[in-house]
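> The following block contains the structure, expressed as structure tokens.
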Amino acid sequence: MINNDILRKVRYILDLSNAKMIRIFAKTKHEVTQEQIINMLKKEHEEGYAPLNDKNMCRFLDGLVIYKRGLKPGTEAPEPVSQLTNNLIFKKLRVAFELREDDIIEALELADFNMSKSELGALFRKPGHKHYKPCGDQVLRNFLMGLSIKHRPENAN
5 MINNDILRKV RYILDLSNAK MIRIFAKTKH EVTQEQIINM LKKEHEEGYA
55 PLNDKNMCRF LDGLVIYKRG LKPGTEAPEP VSQLTNNLIF KKLRVAFELR
105 EDDIIEALEL ADFNMSKSEL GALFRKPGHK HYKPCGDQVL RNFLMGLSIK
155 HRPENAN
């Protein structure tokens, strides 16, 4: 999935204002302006569209975890990874929303997407593990759709 699409969906799910998004980025000591936020939220065909690279998407997701859950005492915001995978995005969203396996499966079912616990577990394994499975765009898209239905049911249609 395109990072900008994920950013737009998370913004919608949590009903985040531009100011809150700026504060979320700031949690990782990364400053963005309101204009930058607006340009990141534009669609690819719109004038002024600014593609969100993996490093900045990681900063936003790490900031979201800190915004929703706080930092562990004595730790600082993690350094952003330069290459983000759907698996890592999924993991960071799971942590930010404090979701267990059953919660994720429920969110997927809300989007009419079925997945077993073992299939789900494979997405959260480390690359190189014999049961690791790459997370496809369809899984991530349906997960975000399910979160949207769960958190914003009045606008689900």
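Per the working numbering, the sequence shown starts with residue 5, numbered consecutively.
Here a beta-carbon is modelled for each residue, glycine too, at the ideal position from N, C-alpha and C.
Can you find the residues in the same chain that come closer than 6 angstroms, C-beta to C-beta, to Q38, ignoring five residues on each side of it along the sequence?
Cβ within range, chain order: N22.
> Go to H155, then tell me how far its alpha helix (DSSP H) extends in each direction, as first and last residue.
Element bounds for H155: 141-155.
> In the DSSP assignment, the alpha helix (DSSP H) including A23 goes from what residue to what residue?
That run of the alpha helix (DSSP H) goes 22-30.
> Less than 8 angstroms between the beta carbons of I93 and L144, yes or no?
Their beta carbons are under 8 angstroms apart, which means I93 touches L144 by this criterion.
> In whole angstroms, what separates the C-alpha of N118 from that of A111?
Going from the Cα of N118 to the Cα of A111 covers about 10 angstroms.
> Please return the same chain residues whose Cβ sits closer than 8 angstroms to the Cβ of L45, not counting the five positions on each side in sequence.
N8, L11, R12, R15, listed in sequence order.
> Once the 5 residues before and after S152 are set aside, which same chain residues still bring their CB inside 6 angstroms of it?
These residues qualify, in order along the chain: I17.
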